[in-house]
Amino acid sequence: MNVLDEFDTITAIATPIGTGGIGVIRISGDKSFEIIDKIFTNPKFEPGKFNHGWIIDNGKKIDEVIVLPFFAPNSYTGENVIEIQCHGGVNVVKNILNLVLNNGARMAEKGEFTKRAFLNKRMDLSQAEAVADIIHSKTSEFAKASVKNLSGALKEGINSIRNQIFEVLSKITAGIDFPEDVNEPEYDYLINSFHNIIDSIDSVLSGASTSNIFRQGASVAIIGKPNVGKSSLFNALLNLDRAIVTDIAGTTRDVIRETLDLGIPITLIDTAGIREGETDKVEKIGIEYSKQSLDEADLILFVYDASQGLNNEDKEVLELLKGKNYLLIANKSDLTDKTNIPENAGEVIKLSALTGAGIKELKEELTKKVCDINPESLEFVTNTRQQECLKKARNSIEQALLASQLRELQDLISIDVKSAVLALDELTGELITDDILNNIFDHFCIGK
Ligand code: GDP
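Add 119 to the 1-based position in the sequence shown for this note's numbering, that's all there is to it.
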């Protein structure tokens, strides 16, 4: 967008296109009042009061409307804003939009109203992103959690970390700039402060995986050695025949993904059997993907053949799961009553992918394990961009901590501390490139 375009008066339909009770057309910019003066029968506006009248085109009535005036800077965008509430039919809304366009506004780009709110400092970037989260949230829980950011929870959390960093930075800088008057801070003080800052960053990041589950859903990987019934379980959970099921070991060569809706969308991943040794090339690639899926997954279903129990191959796969969130699935329980697994191995669910027995119980357990998240317990909602900024800040502070432990020159330590501040500024939008900014607002809808 041309720089000058940023000051244009913009307009868009703010309500979904379709038939509804009302439709809203928004106008924002210097010319908002000038435009409405030309097309409205009752344009004597006072702050906080709406006006009733008719939209007219060359004296011809277009629709009976309510007009809400917002005087800069007390508006969503921080500019003069007019909202026209008209009857909610596709064509009447379009007619009014065209009239506004013909009288001096230009069509708003995606997210341009919110972008202006950000550029006019009505909100920081975390609040602007919360607007998109609220609009796009797939669950009511996530919408509730996102509202916290709209009211500034993340912004305040980040500012408080920023203040912690600034306090240390100002002490280091004073010691460097005025060595005669101010002593450099003790290294123990620096080490202690950097530990505290890392703890604060971690507390914001601690909600990251829950935030990601709310935003993208959870991923559940099905793993186990070949032929234990992984693909059969995948199909049984989804009620479909997507994965190829055969009794020849190693038939699922790719990683297959499908979405299972359990309130929160679950991406179910069927992996090629994790098996080292004699495998052909295609299968080997599949096996690599399986190992990657283990790292990506929020929960792992480790499937084994209950009629056979665990052999060494199973035990090797189980080793890979140490420290991960997993459930043991005793499949083929139509062939045996026993789970055939040591008691201390973990939580076991008995089922038969062939007959469907136990599938309902597994779904209930999945819901409990990955979907039962209380939005109230989520103090900070973050998206991946924000998480990356926080991780960058954390790395820089870790470097500063290491340098302090090695008693390095404080001049050098200050460089890492400053990069941590820059990473946080990128998060809040204090310091951000046009490309990143445009990319963020591109994910909005027109009219927001
Ligand atoms: P994968 O290699 O782990 O994906 O295993 P498949 O799903 O391809 O199944 C391998 C074989 O085991 C097939 O012949 C399936 O019909 C069979 N099978 C899968 N689940 C069950 C089950 O619960 N009971 C019985 N009896 N056979 C099963």
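Where a beta carbon is used, it is the ideal one built from N, C-alpha and C, also for glycine. Note that the coordinates shown come from a computational prediction; the quantities given were computed from them, not determined experimentally.
{"query": "Supposed close pair VAL219, CYS205 - CB separation, criterion 8 Å", "result": "Not a contact, Cβ separation roughly 11 Å."}
{"query": "The beta strand (DSSP E) enclosing CYS564, as first and last residue numbers", "result": "Segment: none, CYS564 is in no beta strand (DSSP E) and carries neither H nor E."}
{"query": "C-alpha distance - GLY442 paired with ASN331, whole-angstrom precision", "result": "20 Å"}
{"query": "LYS482 Cβ short of 6 Å to the ligand GDP heavy atom set", "result": "no"}
{"query": "Assigned secondary structure, LYS488 (DSSP; H/G/I helix, E/B strand, else coil)", "result": "helix"}
{"query": "GLY348 beta carbon near the ligand GDP (any heavy atom closer than 6 Å)", "result": "yes"}
{"query": "Distance, GLN283 Cα to ASP296 Cα", "result": "20 Å"}
{"query": "Check: LEU437 C-beta below 6 Å from any heavy atom of the ligand GDP", "result": "no"}
{"query": "Burial state of LYS178, where buried means 16 or more other Cβ atoms lie within 10 Å", "result": "In the sequence as displayed, the identity of residue 178 is Gly instead of Lys. Result: exposed."}
{"query": "Alpha helix (DSSP H) segment containing GLU438, residue limits", "result": "431 to 439"}
{"query": "Same chain, Cβ closer than 8 Å to THR474, neighbours up to 5 away in sequence not counted", "result": "ASP453"}
{"query": "Coil, strand or helix - ILE136 by DSSP", "result": "coil"}
{"query": "Residue from GLY208, SER151 and LEU238 whose Cα sits closest to the Cα of THR138", "result": "GLY208"}
{"query": "Unbroken alpha helix (DSSP H) run spanning GLU286, endpoints", "result": "272 to 296"}
{"query": "Check: ALA262 C-beta below 6 Å from any heavy atom of the ligand GDP", "result": "no"}
{"query": "Residue burial classification, PHE261 (beta-carbon count within 10 angstroms, cutoff 16)", "result": "buried"}
{"query": "CA-to-CA distance, ALA272 to PHE285, given in whole angstroms", "result": "20 Å"}
{"query": "Start and end residues, beta strand (DSSP E) containing ILE388", "result": "383 to 389"}
{"query": "heavy atom of the ligand SAH below 6 Å from ASP456 C-beta", "result": "The ligand SAH is absent from the structure shown, which contains only the ligand GDP."}
{"query": "6 Å Cβ shell around SER312 - same chain, five flanking residues per side excluded", "result": "VAL287"}
{"query": "Length of the line joining the Cα atoms of LEU426 and PHE353", "result": "With the sequence shown as reference, residue 426 is identified as Ser, and Leu is not the correct amino acid for it. Roughly 19 Å between the two C-alpha positions."}
{"query": "Heavy atom of the ligand GDP within 6 Å of LEU473 beta-carbon", "result": "yes"}
{"query": "For LYS434, the nearest candidate out of ALA416, ASP156, ASP456 and ILE460 (CA to CA)", "result": "ILE460"}
{"query": "Top-ranked residue by Cα proximity to LEU566, from LYS229, THR160, ASP127 and LEU520", "result": "It is worth fixing the name first, because residue 566 is Gly in this sequence and not Leu. Closest by alpha carbon: LYS229."}
{"query": "Distance between SER496 and GLU402 (C-alpha atoms, nearest Å)", "result": "Caution is warranted here: a pLDDT of 48 is assigned to GLU402, below 50, making its placement in the model unreliable, and no coordinate value can be reported."}
{"query": "Proximity winner among VAL467, ILE144, LEU187 and ILE253, relative to THR134 (alpha-carbon distances)", "result": "ILE144"}
{"query": "Three-way DSSP call (helix, strand, coil) for GLU402 in this model", "result": "Residue placement at GLU402 is flagged as unreliable, the pLDDT there being 48, under the threshold of 50; the coordinate-derived value follows with that caveat. Looking at GLU402 - three-state DSSP - the assignment turns out to be helix."}
{"query": "Beta bridge counterpart(s) of THR378 as assigned by DSSP", "result": "THR386"}
{"query": "LEU520 versus GLU498, GLU462, HIS314 and ILE375, residue with shortest Cα-Cα distance", "result": "HIS314"}
{"query": "Three-state class that DSSP yields for ALA519 in the structure shown", "result": "helix"}
{"query": "Option nearest GLY172 by Cα separation, candidates GLU165, PHE164, PRO166 and VAL186", "result": "VAL186"}
{"query": "Cβ shell of THR458 (< 7 Å), same chain only, five flanking positions each side left out", "result": "ALA425, ALA449, VAL467 and LYS469"}
{"query": "Residue of ILE203, ASN210 and GLY197 minimising C-alpha distance to GLU231", "result": "GLY197"}
{"query": "Within 7 Å, strictly: CB atoms of SER523 and LEU309", "result": "yes"}
{"query": "Other residues of its chain near GLN246: CB distance less than 7 Å, five sequence neighbours each side excluded", "result": "ASN268, LEU269, GLY271 and LYS274"}
{"query": "Reference PRO166; option with closest CA among GLY223, THR130, ALA131 and ALA191", "result": "ALA191"}
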